[in-house]
Structures are given as structure tokens and as C-alpha cells.
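Residue numbers (our numbering), protein chains in the order written: chain U, 4 to 113; chain E, 16 to 130.
Note that CB positions come from ideal geometry on N, CA and C, so glycine has one too.
Input: a single structure, listed below in C-alpha cells.
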Amino acid sequence: SQQGEEDPQALSIQEGENATMNCSYKTSINNLQWYRQNSGRGLVHLILIRSNEREKHSGRLRVTLDTSKKSSSLLITASRAADTASYFCATGRGAQKLVFGQGTRLTINP
Amino acid sequence: DTGVSQDPRHKITKRGQNVTFRCDPISEHNRLYWYRQTLGQGPEFLTYFQNEAQLEKSRLLSDRFSAERPKGSFSTLEIQRTEQGDSAMYLCASSADRGWDQPQHFGDGTRLSIL
């Protein structure tokens with residue numbers, strides 16, 4: 004079963020604009036992770052935020068986590084055509100499975 | 016670090032046939048995971064190995080599915096008597112055994128098509 008729900012399901016913006024994707028989840032977590040998937044490829048890990056953290060940055064990525072609302076957001080600044088992909092949030096509990104949302108399909112228009 | 020390798024990349028077979036996929040994780044990773052992903056959906060967890068021990072199986076993994084990791088290195092996922100509903104991308108991932116907060120590294124998957 005899929006725990007996370009991403010919003011929006013699809014997002015199309017112009018190159019150079021910022022893209023924001025949101026994720027909600029249902030149960031308690033140890034961490035929340037964001038992954039990127041290009042068409043026909045595997046998932047690439049982007050960033051991990053622990054349950055006791057509220058914000059994390061990595062290059063053009065900014066992730067926030069609100070455990071009281073069971074939600075997270077991923078911001079990509081100054082988007083590029085190469086950022087076109089599907090983005091998934093996944094919640095982790097312990098060392099075992101990740102539970103993924105359905106993803107946001109991001110399209111960056113040149 | 017050569018990444019997670021999966022073979023084959025694509026498999027087309029007739030309904031009722033058996034298929035086997037292979038995953039080679041990153042060499043120093045003790046944890047290995049299998050996921051299934053259908054079109055337009057996120058990956059769904061199938062099973063997890065810590066070294067050679069299979070520690071968790073999803074109820075999605077019916078008795079037609081079996082996974083092994085005999086020496087704690089590579090893993091195989093076998094589907095017997097394939098059905099149309101088995102058509103999906105099968106993804107393998109591995110991670111280091113250094114606490115709870117380790118990212119998983121994914122292979123490019125095996126796309127299975129059942130005719």
C-alpha cells in the first residue's frame with residue numbers, strides 16, 4: 004500500500020522557475036526521503052531528512068518536514084531542462100522497506 | 016562503486032512461463048531490497064535481505080514469487096507461472112548497514128512484459 008501522497012500529480016513550469024512538490028504521509032516515520040526517476044530508469048536518491056529535522060538543503064534542493072502535519076515539501080530552485088523527471092517521496096521506518104507515494108511528474112519547458 | 020546492476024533490462028515472456036531476474040548490489044552493501052513498480056505508480060516493496068537472511072516479505076509476494084540471496088551478495092527474484100498482472104518494472108536496491116538512516120541505491124530495473 005502507498006503511504007505517501009504527492010501533490011500535484013503533474014507540474015509543468017518554465018526553465019528558471021522554482022518547482023515545489025508536496026508529500027503527505029500517514030504513520031510515524033524515522034526519516035523521509037526524496038527520489039528522482041527519469042523515464043525508464045531506476046530511482047536516484049536526492050535527499051534524506053530525519054524526523055527530528057525541519058529543513059535541509061542540498062544544492063538547488065530544499066526539503067522541509069512537518070511531523071505534526073505529517074507533510075514534507077521539496078523545492079527545486081532555478082529549474083533546468085535536466086530536472087524533468089518524476090519525483091517521489093518515501094518514508095522509512097528502520098532499515099527495511101521504503102513506502103513510496105505516487106510521485107509528481109515534473110516537466111521543465113525550455 | 017559500480018552501482019546496482021540488474022539483468023536482464025527487459026524480459027518478454029508468455030503467460031504461464033517462469034522468469035528469473037538477477038540483482039548485483041553495491042559490493043559493500045549488506046542490505047538488499049526488491050520493489051515492483053507499475054506504470055504511473057511509485058515502487059511497492061516486495062522483500063528485504065540483510066546479508067543472506069530474508070527478513071521481510073510483503074503480502075504482494077505470493078507463493079509464485081521467490082527471492083534468494085544465497086551468499087549474501089547477488090540476489091535472484093523468480094516468478095513462476097507468470098500472469099498478466101505480473102507485468103511491471105522490478106527494481107532492486109541496496110544500502111549500507113550503518114544505522115537506520117541510509118539512502119537506498121537503485122538499479123535501472125528489469126521491465127517484465129507478459130504476452
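Item, Value
"Please list, in chain order, the chain E residues whose beta carbon lies closer than 7 angstroms to that of residue 53 of chain U.", "116"
"How about residue 21 of chain U and residue 87 of chain U: are their beta carbons less than 9 angstroms apart?", "no"
"Would you list, in chain order, the members of the segment 23 to 36 of chain E that have their beta-carbon closer than 7 angstroms to a beta-carbon of chain U?", "none"
"Just the chain U side, please: which residues come within less than 8 angstroms of residue 120 of chain E by C-beta, in chain order?", "48"
"Excluding five sequence neighbours on each side, which residues of the same chain lie with their C-beta closer than 6 angstroms to the C-beta of residue 53 of chain U?", "34"
"Might you give, ordered along the chain, the residues of its own chain that have their beta carbon closer than 6 angstroms to the beta carbon of residue 103 of chain U, omitting 5 neighbours on each side?", "91 and 93"
"Measure from the C-beta of residue 55 of chain E to each C-beta in chain U and report whether the shortest distance is under 9 angstroms.", "yes"
"If you draw a straight line from the alpha carbon of residue 123 of chain E to that of residue 50 of chain E, how long is it in whole angstroms?", "12 angstroms"
"Let me confirm a value: residue 84 of chain E is counted as buried when at least 16 other C-beta atoms fall within 10 Å, else exposed. Which label applies?", "buried"
"I need the straight-line Cα distance from residue 4 of chain U to residue 80 of chain U, nearest angstrom please.", "No answer about residue 4 of chain U holds up, because its pLDDT of 46 lies below 50 and its placement is not dependable."
"Given that residue 85 of chain E touches chain U, what residues does it touch there, using C-beta distances under 9 angstroms?", "Going along chain U, no residue has its Cβ under 9 angstroms from residue 85 of chain E, so there is no contact; the nearest lies around 21 angstroms."
"Using the three-state DSSP reduction, which class does residue 95 of chain U fall into: helix, strand or coil?", "strand"
"Starting from residue 64 of chain E, find everything on chain U with Cβ-Cβ shorter than 8 angstroms and list it in chain order.", "Within 8 angstroms Cβ-Cβ: nothing; residue 64 of chain E doesn't reach chain U, min ~10 angstroms."
"Whole angstroms are fine: how far does the CA of residue 64 of chain U sit from the CA of residue 75 of chain U?", "13 angstroms"
"Within 10 Å of its beta-carbon, does residue 125 of chain E have 16 or more other beta-carbons around it, so buried, or fewer, so exposed?", "buried"
"Along the beta strand (DSSP E) that carries residue 84 of chain E, what are the first and last residues, could you check?", "Looking at the DSSP string, residue 84 of chain E is not in any beta strand (DSSP E), and its letter there is neither H nor E."
"Any beta carbon of chain U sitting closer than 9 angstroms to that of residue 73 of chain E?", "yes"
"What first and last residue would you give for the beta strand (DSSP E) that runs through residue 110 of chain U?", "107 to 112"
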